[in-house]
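Read the structure below first, then the notes.
There are 2 protein chains.
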Amino acid sequence: MSQTEVTQFGEFKLIDHLTEAFSIHHDSTKTSIGDDAAVVFHGDQDLLVSTDLMVEGIHFDLMYFPLKHLGYKAVVSNVSDICAMNGVAEQITVSIAMSNRFSVEALEELYRGIKTACDIYKIDLIGGDTSSSQKGLIISVTVLGRQKPEKIAYRSGAKPGDYIVVTGDLGGAYLGLQLLEREKLIFLSDPKITPQLDQHKYTVERFLKPEARKDIISLLDRVGVKPTAMIDLSDGLSSDLMHICRKSGVGAVIEDQLLPIHPDSKALAMEFNLDPSVCALNGGEDYELLLCVDPLEYPKIQYLPGFSYVGEILPAVEGIKLKTGSGKEHPLEAQGWVHF
Amino acid sequence: MSQTEVTQFGEFKLIDHLTEAFSIHHDSTKTSIGDDAAVVFHGDQDLLVSTDLMVEGIHFDLMYFPLKHLGYKAVVSNVSDICAMNGVAEQITVSIAMSNRFSVEALEELYRGIKTACDIYKIDLIGGDTSSSQKGLIISVTVLGRQKPEKIAYRSGAKPGDYIVVTGDLGGAYLGLQLLEREKLIFLSDPKITPQLDQHKYTVERFLKPEARKDIISLLDRVGVKPTAMIDLSDGLSSDLMHICRKSGVGAVIEDQLLPIHPDSKALAMEFNLDPSVCALNGGEDYELLLCVDPLEYPKIQYLPGFSYVGEILPAVEGIKLKTGSGKEHPLEAQGWVHF
Numbered sequence: 018m019s020q021t022e023v024t025q026f027g028e029f030k031l032i033d034h035l036t037e038a039f040s041i042h043h044d045s046t047k048t049s050i051g052d053d054a055a056v057v058f059h060g061d062q063d064l065l066v067s068t069d070l071m072v073e074g075i076h077f078d079l080m081y082f083p084l085k086h087l088g089y090k091a092v093v094s095n096v097s098d099i100c101a102m103n104g105v106a107e108q109i110t111v112s113i114a115m116s117n118r119f120s121v122e123a124l125e126e127l128y129r130g131i132k133t134a135c136d137i138y139k140i141d142l143i144g145g146d147t148s149s150s151q152k153g154l155i156i157s158v159t160v161l162g163r164q165k166p167e168k169i170a171y172r173s174g175a176k177p178g179d180y181i182v183v184t185g186d187l188g189g190a191y192l193g194l195q196l197l198e199r200e201k202l203i204f205l206s207d208p209k210i211t212p213q214l215d216q217h218k219y220t221v222e223r224f225l226k227p228e229a230r231k232d233i234i235s236l237l238d239r240v241g242v243k244p245t246a247m248i249d250l251s252d253g254l255s256s257d258l259m260h261i262c263r264k265s266g267v268g269a270v271i272e273d274q275l276l277p278i279h280p281d282s283k284a285l286a287m288e289f290n291l292d293p294s295v296c297a298l299n300g301g302e303d304y305e306l307l308l309c310v311d312p313l314e315y316p317k318i319q320y321l322p323g324f325s326y327v328g329e330i331l332p333a334v335e336g337i338k339l340k341t342g343s344g345k346e347h348p349l350e351a352q353g354w355v356h357f
Numbered sequence: 018m019s020q021t022e023v024t025q026f027g028e029f030k031l032i033d034h035l036t037e038a039f040s041i042h043h044d045s046t047k048t049s050i051g052d053d054a055a056v057v058f059h060g061d062q063d064l065l066v067s068t069d070l071m072v073e074g075i076h077f078d079l080m081y082f083p084l085k086h087l088g089y090k091a092v093v094s095n096v097s098d099i100c101a102m103n104g105v106a107e108q109i110t111v112s113i114a115m116s117n118r119f120s121v122e123a124l125e126e127l128y129r130g131i132k133t134a135c136d137i138y139k140i141d142l143i144g145g146d147t148s149s150s151q152k153g154l155i156i157s158v159t160v161l162g163r164q165k166p167e168k169i170a171y172r173s174g175a176k177p178g179d180y181i182v183v184t185g186d187l188g189g190a191y192l193g194l195q196l197l198e199r200e201k202l203i204f205l206s207d208p209k210i211t212p213q214l215d216q217h218k219y220t221v222e223r224f225l226k227p228e229a230r231k232d233i234i235s236l237l238d239r240v241g242v243k244p245t246a247m248i249d250l251s252d253g254l255s256s257d258l259m260h261i262c263r264k265s266g267v268g269a270v271i272e273d274q275l276l277p278i279h280p281d282s283k284a285l286a287m288e289f290n291l292d293p294s295v296c297a298l299n300g301g302e303d304y305e306l307l308l309c310v311d312p313l314e315y316p317k318i319q320y321l322p323g324f325s326y327v328g329e330i331l332p333a334v335e336g337i338k339l340k341t342g343s344g345k346e347h348p349l350e351a352q353g354w355v356h357f
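Written out as structure tokens, the structure is:
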């Protein structure tokens, strides 16, 4: 396959080339790439903005992270931040810097993933640029979303007595990463060995192709539930719950036995000699949502698929605790992913 | 001076630490750092969004670029993009990735520059994060601005007969960079030689501490002039004019003799054996504005300081031309800065 040098394109032509296939989903997107700034109309709703910088070797390893998946995940992780506000993501900007080892074809693959996510999540790419880097690939994404002021869910709204609910299942992305890291080491020691990933397709996909829970935001809207507080599980349940507790000035208790863990994740945890609950508590990048819900509202979602009650918000003096199956309580410690 | 390792801070504490001194300038900034997304209220105005990625070794050289200036310029160059839309910049997000050779003190210095620019330009820092990089410093800035839909100046609005007007003077930033590069080479060959920069303070500052022409946007508003098209001069006059011509479907003629060039820039160009006009045409990063103005509107700004008539928009068939002092016309070629 022939590879085109990035230098064959000018800076402006390259971004035109990479983004020409994108379509516009919202009437509100009045101008996107091609001017000094993108123009987005906003009426009586609040604008939501979030930004993320992903650096090769720090946030991702291209040895097992396909570029298309990486582009997809870069969008998803940002959309997830807007979901976490109970908002709807509508626009993104994407800037890329990459060393000269990347070909145009490699960038196209990355942008194919970005476009796939944009199409699925109905996001308009409205800006960004590409440039060189001295080393590796750097992806910077900013996402804009909107919501009516009264519907936005902040981290600061949790109150004692609220139920703590999580969506989907937890720990899968972390275990998928462990598996990929193990297979990478095996491959590096003997390139003739083919990585064994088929058996654990579910967990590997949790890491390589996560989804933002936009469906949950729609569902909450339909059933008329506004979480008192919400956060997306990107750093890990312990760490993310602590953000809620700190911002809301509350404590919390999580029940170990109630953590939703997928059977594949459990099996893989066993294989790695890891406690599945620890993976669910401290593994990040699942991009599920943690909601705090008023008990009076809870019946509206109680029997819907995809929601799991995992604990309760407590007064601040109670601290943040984990209750085990035997009924014992331990202080919960945040051991989320740290990128330093 | 004692240096604090970045690793002594957690990811969240570091950004808290770096941003705690920032103040909020707009009532519309309802939530900034500390939640999944920032919340900004927008009424009947359009939101303007622009983003920029600056990579060490590609966009800047820390050997002569002080970190505080770098932070300042990162904000200014983004604010300039909003000015170029005839808009008012109000919020930014700033994400930083840096290798472990950077100390907390170095980051503080960078953020001091960001804060200075935020205070001067009345910008609210509403988000961003910090992480590691494998090599060097990477700065990603996204800026948000606003303007009434009917007042926004696009690149696409120029029409034949419009006057082409530039603000301030041109070529200074490029010449300042040449001087810094020369003094760097001299210093590297013999570290005992002190760089000679005092004589050319003006041009060096044009490069190291540019300003966005927010004052021009206010002035245009006061005198009631809306440019038919506008762009900021970040890549160089030739290159930036071509963007206007391409988007508007027009040609243009620039008169060599009318290009505003500062005496210090002229002197320095002579020292480097460079044609000052070529520096003014192709040197970038001056962050001045290029306006296309209806001739009927032009008298409103004609005698105001800081505006220079430099040419006229022509029908597309005429191409993009440079008219020299002798009256000869040459095709104008874009040789702006390319970051590849």
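Chains as they are written, first to last, in the numbering used here: chain A, 18 to 357; chain B, 18 to 357. Glycine residues also receive a C-beta, built at the ideal position from the N, C-alpha and C atoms.
For histidine 59(A), return the contacting residues in chain B, with the cut-off set at a CB-CB distance below 7 Å.
His59 and Leu64
Does lysine 338(B) come within less than 9 Å of chain A when only Cβ atoms are used?
no
Return helix, strand or coil for glutamate 167(B), following the three-state DSSP convention.
helix
Is glutamine 108(A) helix, strand or coil when you go by DSSP?
strand
Is it buried or exposed, methionine 287(A), if we count other Cβ atoms within 10 angstroms and call 16 or more buried?
exposed
Name the residues in the region 110-129 of chain A whose C-beta lies less than 7 Å from a C-beta of chain B; which are they?
Thr110, Ser112 and Ala114
Measure from the C-beta of valine 358(A) to each C-beta in chain B and report whether the shortest distance is under 9 Å.
The structure shown does not extend to residue 358(A), since chain A spans only 18 to 357, so no value can be given for it.
Say whether the region 259-277 of chain A touches the region 223-238 of chain A, bearing in mind that this needs 3 or more beta-carbon pairs closer than 8 Å, one atom from each stretch.
no
Any beta-carbon of chain C closer than 9 Å to the one on glutamine 151(B)?
Protein chains in the displayed structure are A and B, and chain C is not among them.
What is the C-beta distance between leucine 298(B) and aspartate 249(B), in whole angstroms, given that I count them as a contact (C-beta under 8 Å)?
Going by Cβ atoms, the distance from leucine 298(B) to aspartate 249(B) rounds to 16 Å, so no, they are not a contact pair.
Count the other C-beta atoms from every protein chain shown that fall within 10 angstroms of the C-beta of proline 244(B), then say buried if there are 16 or more, exposed otherwise.
buried
Could you tell me whether the region 188-197 of chain B touches the region 101-109 of chain A, using the rule of 3 or more Cβ pairs below 8 Å?
no
Which one of Leu331(A), Val240(A) and Ala284(A) has the shortest CA to CA distance from alanine 269(A)?
Leu331(A)
Beta-carbon proximity list for histidine 347(A), same chain, < 6 Å, skipping 5 on both sides:
Leu339
As assigned by DSSP and simplified to three states, the class of tryptophan 354(B):
Note that tryptophan 354(B) scores a pLDDT of 47, beneath 50, so its modelled location is shaky; the value from the coordinates is reported in the next line. Correct three-state label for tryptophan 354(B): coil.
May I ask you to list the residues that DSSP assigns as paired with lysine 338(B)?
Val270(B) and Pro348(B)
Rank Leu236(B), Leu64(B), Leu313(B) and Tyr128(B) by C-alpha distance to the C-alpha of proline 166(B) and give the top, closest one.
Leu64(B)
So the alpha helix (DSSP H) threonine 220(A) belongs to, where does it begin and stop?
218-225
CB contact below 9 Å: threonine 220(B) versus chain A:
no
Endpoints, the beta strand (DSSP E) within which alanine 246(A) is located:
246-249
Give the interface partners of threonine 184(A) over in chain B, defined as CB-CB distance under 7 Å, in chain order.
Going along chain B, no residue has its Cβ under 7 Å from threonine 184(A), so there is no contact; the nearest lies around 15 Å.
Between the beta-carbon of aspartate 98(A) and the beta-carbon of valine 160(A), is there less than 9 Å?
yes
Distance, leucine 254(B) Cα to proline 277(B) Cα:
12 Å
Between Cys100(B), Phe82(B), Gly300(B) and Tyr89(B), which lies nearest to lysine 201(B) when the distance is taken from Cα to Cα?
Phe82(B)
Extent of the continuous alpha helix (DSSP H) to which tyrosine 191(B) belongs:
189-206
What's the call for proline 293(A), buried or exposed, on a 16-neighbour Cβ count within 10 Å?
buried
Please state if the CB of glycine 88(B) and the CB of glutamate 126(B) are separated by a distance shorter than 9 Å.
yes
Taking 8 Å as the cut-off, is the beta-carbon of histidine 279(B) closer than that to any non-hydrogen atom of the ligand NAP?
No copy of the ligand NAP occurs in the structure displayed, which carries no ligand at all.
Boundaries of the beta strand (DSSP E) in which glutamate 63(A) is found, first to last residue:
What sits at residue 63(A) in the sequence shown is aspartate, not glutamate. 63-72 is the span of the beta strand (DSSP E), which, as asked, contains aspartate 63(A).
To which residues of the same chain is methionine 80(A) closer than 7 Å at the C-beta, ignoring the five residues directly before and after it?
Lys201
Could you please tell me which residues of the region 140-169 of chain B, in chain order, have their CB closer than 8 Å to any CB of chain A?
Ile143, Gly144, Gly145, Asp146, Ser148, Ser149, Ser150, Gln151, Lys152, Gly153, Ile155, Ser157, Thr159, Val160, Leu161, Gly162, Pro166 and Ile169
Is there at least one Cβ from chain B nearer than 9 Å to valine 72(A)'s Cβ?
yes
Where DSSP assigns a beta bridge to valine 182(A), which residues make up the other side?
Leu308(A) and Tyr326(A)
So, with DSSP's three-state summary, where would you put aspartate 141(B)?
strand
Cβ neighbours of proline 177(B) in the same chain (closer than 7 Å, five flanking residues each side left out):
Val267, Ile330, Leu331 and Pro332
Backbone secondary structure at proline 332(A) - three-state DSSP:
strand
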